[in-house]
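When we follow my numbering, the leftmost residue of the sequence shown carries the number 865, and every step to the right adds one. Note that CB positions come from ideal geometry on N, CA and C, so glycine has one too.
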Amino acid sequence: MKARLLGAAKPVALAAGVTLVASAAQAACPIQLAVYGEARSGAEIDFTPAGSSATVTNAFRMILDNNVVLDGIAMWTEGSAARPHGSLMYKCPTGDVTGEELAACTVWEGVIYSADEKGGVGLLPAEGVDAPKSLIFPDLGPSLEMSAAYGPAGFSKVPWDIFVLKGCQE
């Protein structure tokens, strides 16, 4: 009997923990359509399909206050310790860009981790996989605070490292 009660409580606990998710998003949401939010700063991450890139496995935008938008990508490394290496860029030049130019406009780099409802930590999933409950961008806040995107002409509310799933794009 106890197992039945606990089993019945799981969907309720899950629903209570994801109250901001729209009813259409309560069903599985693929990562490429997921929307995440960070409560302290109001920052948001909107994923988009990566397209036909041979190297970019995930594409997203981070929207900060004062309408500052950072372009984000993830590229999986190869080998037995493969990881989703993420980068956030601010006002990068377009076209044929040198490595030096790309480094100058990159405001954060690191592995993107995920966490599920039970606190289990994993890695950012590839497109087509269900979006995890939260994403972790290690040392995001300090990196952004030292970037050209921060300050009087940029954003003023520094996000923390954890973003929680809040919806699914249609």
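Relative to the C-alpha of residue i, which candidate in the options has its C-alpha closest?
i, options, result
"residue 930", "1021, 1032 and 1031", "1021"
"residue 1023", "1033, 1012, 1017 and 1007", "1007"
"residue 980", "1029, 910, 918 and 909", "1029"
"residue 954", "971, 945 and 960", "971"
Would you please state the rounded distance, in angstroms, between the beta carbons of residue i and residue j? I believe it to be under 8 Å.
i, j, result
"residue 849", "residue 950", "As shown, the chain starts at 865 and ends at 1034. That puts residue 849 outside it, with no answer to give."
"residue 976", "residue 966", "With a Cβ gap of about 18 Å, residue 976 and residue 966 do not count as contacting."
"residue 936", "residue 947", "At roughly 16 Å, the Cβ-Cβ gap does not stay under 8 Å, so residue 936 and residue 947 are not in contact."
"residue 995", "residue 893", "5 Å"
Count the other CB atoms, across all protein chains shown, that sit within 10 Å of the CB of residue i; report buried if there are 16 or more and exposed otherwise.
i, result
"residue 982", "exposed"
"residue 885", "Any reading at residue 885 needs caution, since the residue's pLDDT is 43, under 50, leaving its predicted position unreliable; the model's value is listed next. Residue 885 is buried by the Cβ-count criterion."
"residue 1031", "buried"
"residue 902", "buried"
"residue 916", "exposed"
"residue 941", "exposed"
Secondary structure at residue i, three-state DSSP: helix, strand or coil?
i, result
"residue 1011", "coil"
"residue 894", "strand"
"residue 968", "helix"
"residue 1006", "helix"
"residue 963", "helix"
"residue 1031", "strand"
Would you say residue i touches the ligand ATP, meaning its beta carbon is less than 7 Å from a heavy atom?
i, result
"residue 961", "In terms of ligand content, the structure shown is empty, and the ligand ATP therefore cannot be addressed."
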